[in-house]
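Trainee: According to this note's numbering, the stretch in the sequence shown is residues 136 to 580, in order. Here a beta-carbon is modelled for each residue, glycine too, at the ideal position from N, C-alpha and C. First, the structure itself, so that you have it in front of you.
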Amino acid sequence: MRKKFRILVVDDELSIRISLGDLLRCDGYQVEVAESAESALEMLKTQSFDLLMVDIKMPGMDGLEMLKRVKGDDPDTTVVMMTAYGSIDSAVQAMKLGAIDYVIKPFDPMKIGAFVKRIFKNELMRREHRLLKHQVQVCCGYGPMIGQSPAMLKLFELVEDVSSTDSVVLITGESGTGKEVLARTIHEKSSRSNGLFVGVNFGAFTESLLESELFGYEKGAFTGANTSKKGLLEIASGGTFFLDEVGNASPKLQIDLLRVLQERKFRKIGGLRDEEVDFRVLAATNRDLEKAIEEGNFRQDLYYRLNVVQVHIPPLRERREDIPALARHFLEVLRARLNKKTSLISPEAMQYLVAYDWPGNVRELENAIERALVVGKQKRIMPEDLPIVLQEPSGEPIDESLDLREKDYIAKKLAQYEWNISRTAQALKIDRGTLYAKIKRYELS
Ligand SMILES: Nc1ncnc2c1ncn2[C@@H]1O[C@H](COP(=O)(O)OP(=O)(O)OP(=O)(O)O)[C@@H](O)[C@H]1O
Ligand SMILES: [Mg+2]
């Protein structure tokens with residue numbers, strides 16, 4: 136079920152607070168009331184609302200002044216003014232200040248429900264539009280993948296080339312770097328996008344469960360097999376088969392996979408004949424397979440079958456330029472899902488995000504933004520909303536030369552200000568010429 140819309144009614148008149156409040160609650164909204172603009176502003180510091188309904192004429196701060204402040208703080212707030220008969224002028228003024236509509240008091244209880252419903256319908260469309268616009272505007276990426284660092288741009292180019300082929304692709308990278316999104320992206324861009332994308336995680340299940348899932352079984356193949364079952368290999372036919380965490384496959388499963396890859400055939404458990412498969416194979420691993428081969432934990436022949444084209448996704452700390460765009464992307468997607476008003480990341484918080492080393496990579500960043508949205512009490516994400524580990528200085532090796540540190544520091548600042556040279560120079564307290572010289576000297580790009 137969708138979260139209830141939250142409405143704040145601001146009116147000095149008790150009867151309005153009660154009647155309007157009851158009316159809207161009956162319609163299923165969550166309603167809070169405030170008796171003055173001052174106390175409403177106080178509430179807005181810690182709570183967010185989907186709609187404010189504000190009386191124009193109130194003792195102390197009036198509704199127009201409150202509207203100005205609210206809009207100054209967050210232009211996205213939806214405000215409807217309430218005004219008594221005969222003061223339409225101020226209602227018109229309110230619209231100019233950004234209120235989206237007004238109601239005239241005394242209002243018809245029958246009509247107010249429909250009015251508020253219409254407001255929310257428009258509001259939802261506006262939000263959806265904003266989200267769509269955001270998705271379209273993701274200039275800096277490839278399909279659903281965000282990235283603008285030189286490393287990622289190079290990777291997107293390679294992916295574009297392999298997408299149109301049917302080659303096996305081995306995707307490597309640390310945990311959380313985006314191996315699975317990349318595999319899905321390749322599938323979506325390929326000629327098999329009409330077929331299914333079937334992923335199997337070789338790290339997550341026992342060998343026997345994996346076997347029955349992969350191959351399926353005939354009725355009566357073993358105790359408990361009361362019916363026959365299709366395996367994932369069969370289901371993936373026509374589409375893409377994604378071997379996730381393939382480095383964790385047991386020796387037995389490695390032989391099974393090898394046979395499937397070599398002969399493009401498999402046999403159901405308890406089955407009597409081989410069945411052909413026709414799918415594109417993608418694989419991912421966060422383990423060093425060559426090392427696993429040396430240690431005798433991974434079959435070399437299987438490795439050769441999988442390692443036709445290798446795509447390596449670098450860890451996030453090696454492409455800090457991607458952090459601001461990723462952070463904003465997750466903010467945009469998650470705020471819609473969590474129905475939160477938080478729409479910005481403060482520059483201080485962004486500084487922490489860019490500086491942190493992200494051992495859990497993009498997934499950890501995504502979680503950090505989600506956490507900040509949940510715990511944050513303000514319209515923008517602040518440093519204190521971020522996990523505590525981000526706020527501790529990262530242990531930099533002491534024997535690093537000064538030059539390297541300067542290079543690293545400048546790279547971080549450039550990423551933080553998204554390569555805006557003037558602002559970066561300002562932040563570094565050097566002039567633009569010096570910054571250009573350093574960029575050239577350290578070969579930053
Ligand atoms: N470049 C990117 N753009 C947008 N979202 C991304 C990107 N990279 C990763 N993500 C998101 O980060 C999360 C982790 O990605 P994913 O599951 O693909 O990582 P993984 O490398 O498969 O991790 P693991 O090794 O732990 O399985 C997902 O929610 C994914 O959508
Ligand atoms: Mg994964």
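What did DSSP end up calling Gln283 once you bin it into helix, strand or coil?
Mentor: Here residue 283 refers to the residue found at position 148 of the sequence shown. It is coil, neither helix nor strand.
Trainee: Determine the closest residue to Lys548 out of Tyr491, Lys475, Leu331, Arg399, with distance taken between C-alpha atoms.
Mentor: Taking the sequence shown and counting its residues from 1, the one referred to as residue 548 is at position 413. Among Tyr491, Lys475, Leu331, Arg399, the Cα nearest to that of Lys548 is on Tyr491.
Trainee: Suppose contacts are defined by Cβ-Cβ distances below 9 Å. Is Val333 in contact with Ala384 by that definition?
Mentor: Position 198 of the sequence shown holds residue 333. Position 249 of the sequence shown holds residue 384. Cβ atoms of Val333 and Ala384: not closer than 9 Å.
Trainee: Can you say whether Lys256 is buried or exposed, counting buried as having 16 or more other CB atoms within 10 angstroms of its CB?
Mentor: Walking along the sequence shown from the start, residue 256 turns up at place 121. Per the 10 Å Cβ criterion, exposed.
Trainee: Is the Cβ of Pro279 closer than 9 Å to any Cβ of chain C?
Mentor: Given the protein chain composition of this structure (a single chain), no chain C is represented.
Trainee: In the DSSP assignment, what are the bridge partners of Arg415?
Mentor: Stepping through the sequence shown from its first residue, residue 415 is reached at position 280. In the DSSP output, where bridge partners are listed per residue, Arg415 has Thr375.
Trainee: Thinking just about the alpha-carbon of each residue, which of Pro210, Leu143, Arg463 is nearest to the one in Ala484?
Mentor: One-based indexing of the sequence shown puts residue 484 at position 349. Closest by alpha carbon: Arg463.
Trainee: Nearer than 8 Å: is that true of the beta carbon of Ala384 relative to any heavy atom of ligand 2?
Mentor: Taking the first residue of the sequence shown as 1, we reach residue 384 at position 249. No - ligand 2 has no heavy atom lying nearer than 8 Å to the Cβ of Ala384.
Trainee: Round the Cβ separation of Asp190 and Asp147 to the nearest angstrom and send it over; I've been treating them as touching at under 8 Å.
Mentor: Working through the sequence shown from its first residue, we reach residue 190 at position 55. Working through the sequence shown from its first residue, we reach residue 147 at position 12. Asp190 to Asp147, Cβ: 7 Å. Contact.
Trainee: If we call anything under 9 Å between Cβ atoms a contact, is Leu396 one with Leu437?
Mentor: As a first step, residue 396 is located in the sequence shown; it is residue number 261 there, counting from the start. As a first step, residue 437 is located in the sequence shown; it is residue number 302 there, counting from the start. Against a cut-off of 9 Å, the Cβ pair of Leu437 and Leu396 comes out as a contact.
Trainee: Any chance the CB of Lys354 is under 8 Å from a heavy atom of ligand 2?
Mentor: Here residue 354 refers to the residue found at position 219 of the sequence shown. No; taking the cut-off as 8 Å, the Cβ of Lys354 has no heavy atom of ligand 2 nearer than that.
Trainee: In chain order, what residues of the same chain lie with their CB nearer than 6 Å to the CB of Thr362, ignoring the 5 residues before and after it?
Mentor: Along the sequence shown, read from residue 1 onward, the residue named residue 362 stands at position 227. These residues qualify, in order along the chain: Lys354.
Trainee: Using only the alpha-carbon positions, how far apart do Ser347 and Gly366 sit?
Mentor: For this step, residue 347 is matched to residue 212 along the sequence shown. For this step, residue 366 is matched to residue 231 along the sequence shown. Their Cα atoms are separated by approximately 7 Å.
Trainee: Once you ignore the five residues that flank Ile504 on each side, which residues in its own chain have a CB closer than 7 Å to its CB?
Mentor: Within the sequence shown, the letter at position 369 stands for residue 504. Once the five neighbours on either side are set aside, the close Cβ partners of Ile504 are Ala462, Phe465, Leu466, Leu469.
Trainee: Taking the beta carbon of His264 as the centre, do at least 16 other beta carbons fall within 10 Å, making it buried, or is it exposed?
Mentor: For the purposes of this step, residue 264 is taken as the residue at position 129 of the sequence shown. Under this definition His264 is an exposed residue.
Trainee: Measure the alpha-carbon distance for Leu143 versus Arg506 and round it to whole angstroms.
Mentor: The residue given as residue 143 occupies position 8 in the sequence shown. The residue given as residue 506 occupies position 371 in the sequence shown. Roughly 25 Å separates the two Cα atoms.
Trainee: Determine the DSSP secondary structure at Asp147, reduced to helix, strand or coil.
Mentor: Within the sequence shown, the letter at position 12 stands for residue 147. Of the three classes helix, strand and coil, the one that applies to Asp147 here is coil, per DSSP.
Trainee: May I ask you to list the residues that DSSP assigns as paired with Gln445?
Mentor: Position 310 of the sequence shown, counted from the first residue, corresponds to residue 445. DSSP output for Gln445 lists Leu305 as bridge partner(s).
Trainee: Can you say whether Ser150 is buried or exposed, counting buried as having 16 or more other CB atoms within 10 angstroms of its CB?
Mentor: Here residue 150 corresponds to residue number 15 of the sequence shown, with the count starting at 1. It counts as exposed.
Trainee: Looking at the structure shown, is Glu456 part of a helix, part of a strand, or coil, going by DSSP?
Mentor: Indexing the sequence shown from 1 puts residue 456 at position 321. The answer is coil: DSSP assigns Glu456 none of H, G, I, E or B.
Trainee: Give the DSSP-derived three-state secondary structure of Gln551 in the structure shown.
Mentor: In the sequence shown, residue 551 corresponds to position 416, counting from 1. Three-state DSSP puts Gln551 in a helix.
Trainee: Does the beta-carbon distance from Val416 to Phe357 come in below 9 Å?
Mentor: Translated into the one-based positions of the sequence shown, residue 416 becomes position 281. Translated into the one-based positions of the sequence shown, residue 357 becomes position 222. The answer is no: Cβ separation not under 9 Å.
Trainee: Where Ser225 and Gly233 are concerned, what is the direct C-alpha to C-alpha distance, given to the nearest angstrom?
Mentor: Taking the sequence shown and counting its residues from 1, the one referred to as residue 225 is at position 90. Taking the sequence shown and counting its residues from 1, the one referred to as residue 233 is at position 98. Straight-line Cα distance between these residues: approximately 13 Å.
Trainee: Is Thr320 closer than 9 Å to Asn496 when the C-beta atoms are compared?
Mentor: For this step, residue 496 is matched to residue 361 along the sequence shown. For this step, residue 320 is matched to residue 185 along the sequence shown. The answer is no: Cβ separation not under 9 Å.
Trainee: Hey, Ala546 and Arg455 are a contact pair by Cβ (cut 8 Å); roughly how many whole angstroms apart?
Mentor: Taking the first residue of the sequence shown as position 1, residue 546 is located at position 411. Taking the first residue of the sequence shown as position 1, residue 455 is located at position 320. Confirmed, Cβ separation roughly 7 Å.
Trainee: Can you determine whether any heavy atom of ligand 2 sits closer than 8 Å to the C-beta of Ala418, and answer yes or no?
Mentor: On the sequence shown, position 283 is the one that residue 418 refers to. Result no, Cβ not under 8 Å from ligand 2.
Trainee: What's the gap between the Cα of Leu479 and the Cα of Ser183?
Mentor: To locate residue 479, count along the sequence shown from 1; it is residue 344. To locate residue 183, count along the sequence shown from 1; it is residue 48. Taking the straight line joining both Cα atoms gives about 14 Å.
Trainee: Given a threshold of 16 other Cβ atoms within 10 Å of its Cβ, counted over all protein chains shown, does Glu292 qualify as buried or as exposed?
Mentor: Walking along the sequence shown from the start, residue 292 turns up at place 157. Counting Cβ neighbours within 10 Å, Glu292 comes out exposed, since fewer than 16 surround it.
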